[in-house]
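Take the sequence shown: its position 131, counted from the start at 1, is 131 in this note's numbering, and no numbers get skipped.
Note that beta-carbon positions come from the ideal geometry of N, C-alpha and C, so glycine has one too.
Note that this is a predicted model, so its numbers are computed, not measured.
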Amino acid sequence: MNPTSNSIAVFGGGCFWCTEAVFKMLRGVISVEPGYAGGTTENPTYYAVSNGNTGHAEVIKIEFDPSEITYNGLLTVFFGTHDATQVNRQGNDIGTQYRSIILYTDETQKKEAEAFIQELNDSSKEGRPIATDTVPLTKFYPAEKEHLDYYARNKNQGYCQVIIEPKLQKVQEKFAELLKTQSTSS
Numbered sequence: 001m002n003p004t005s006n007s008i009a010v011f012g013g014g015c016f017w018c019t020e021a022v023f024k025m026l027r028g029v030i031s032v033e034p035g036y037a038g039g040t041t042e043n044p045t046y047y048a049v050s051n052g053n054t055g056h057a058e059v060i061k062i063e064f065d066p067s068e069i070t071y072n073g074l075l076t077v078f079f080g081t082h083d084a085t086q087v088n089r090q091g092n093d094i095g096t097q098y099r100s101i102i103l104y105t106d107e108t109q110k111k112e113a114e115a116f117i118q119e120l121n122d123s124s125k126e127g128r129p130i131a132t133d134t135v136p137l138t139k140f141y142p143a144e145k146e147h148l149d150y151y152a153r154n155k156n157q158g159y160c161q162v163i164i165e166p167k168l169q170k171v172q173e174k175f176a177e178l179l180k181t182q183s184t185s186s
């Protein structure tokens, strides 16, 4: 893989412990880093973001090889693994920091994300519109070290077993063709 040909995607779909674990499973994903974006406070901390006063969402920055997985493929998994119709929450995780958000890095990503959302809205059977914010990425702030690989390091923790495990099982069922093989997983 040529690092200069890799691309970046930034998504927020609830708790970043969940989204990090999901996207680490995908073929073509080089790295996943939890962090904060979409707000105005410089150098936010987990505590400050959790209070909901920074404007930032919990997000993940995905480095991916577009020859192995497309941005559209990442969008498919993103929308397939969280409820993008919920406003400022995902399940019991409530607050603006858990909002559904796409932070695009260029006009191509913006157009793809907007077209994907339009298609979801047009095909919705429930009539609930997609609430995902689509905004330019201005700055990504990496999360504190204790949030990196949270699921991998805390599989026996209650939140991981009750919230993350079922989500990962859903990914294995719905997106089997996009998963890394055992020999290529990191």
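Cβ-Cβ separation, residue 57 to residue 96 (assumed contact under 8 Å), whole Å: For the purposes of this step, residue 96 is taken as the residue at position 96 of the sequence shown. For the purposes of this step, residue 57 is taken as the residue at position 57 of the sequence shown. About 7 Å; that satisfies the 8 Å criterion.
Considering just the uninterrupted stretch of the beta strand (DSSP E) at residue 122, what are its terminal residues? Sequence index remark: in the sequence shown, residue 122 carries index 122 (1-based). Counting along the chain, no beta strand (DSSP E) covers residue 122; the unbroken alpha helix (DSSP H) around it starts and ends at 107-123.
Between the C-alpha atoms of residue 24 and residue 41, what's the straight-line distance to the nearest angstrom? Residue numbering aside, residue 24 sits at position 24 when the sequence shown is read from its first letter. Residue numbering aside, residue 41 sits at position 41 when the sequence shown is read from its first letter. Approximately 28 Å, taken between the alpha carbons.
Would you report the Cα separation of residue 127 and residue 121, rounded to the nearest angstrom? Translated into positions along the sequence shown, residue 127 becomes position 127. Translated into positions along the sequence shown, residue 121 becomes position 121. For the pair residue 127 and residue 121, the Cα-to-Cα distance works out to about 8 Å.
Check the C-beta distance from residue 54 over to residue 44 and give it rounded, since I have them as a contact under 8 Å. Along the sequence shown, read from residue 1 onward, the residue named residue 54 stands at position 54. Along the sequence shown, read from residue 1 onward, the residue named residue 44 stands at position 44. Right, their Cβ atoms sit about 5 Å apart.
For residue 32, which residues of its own chain have a beta-carbon under 6 Å away from its beta-carbon, when the five flanking residues on both sides are left out? As a position in the sequence shown, residue 32 is number 32, starting the count at 1. Excluding positions up to five away in sequence, the list reads 20, 23, 24, 60 and 62.
Smallest Cα separation from residue 36: which of 148, 179 and 130? Within the sequence shown, residue 36 is the residue found at index 36, counting from 1. Selected option, being the one with the closest Cα: 148.
Label residue 77 either buried or exposed according to how many other C-beta atoms from any shown protein chain fall within 10 Å of its C-beta, with 16 as the threshold for buried. Taking the first residue of the sequence shown as 1, we reach residue 77 at position 77. Under this definition residue 77 is a buried residue.
Keeping to the same chain, check which residues put their C-beta closer than 8 Å to that of residue 179; ignore five residues upstream and five downstream. In the sequence shown, the residue the question calls residue 179 occupies position 179. Excluding sequence neighbours, residue 179 sits near 25, 26, 27, 171 and 172.
Could you please give the first and the last residue of the uninterrupted alpha helix (DSSP H) stretch that includes residue 167? As a working note, residue 167 is residue 167 in the sequence shown. Per DSSP, residue 167 belongs to the alpha helix (DSSP H) from 165-174.
What number of angstroms, rounded off, separates the C-alpha of residue 103 from the C-alpha of residue 8? Here residue 103 corresponds to residue number 103 of the sequence shown, with the count starting at 1. Here residue 8 corresponds to residue number 8 of the sequence shown, with the count starting at 1. About 10 Å.
Helix, strand or coil: which one does DSSP assign to residue 153? For the purposes of this step, residue 153 is identified with residue 153 of the sequence shown, where counting begins at 1. Three-state DSSP puts residue 153 in a helix.
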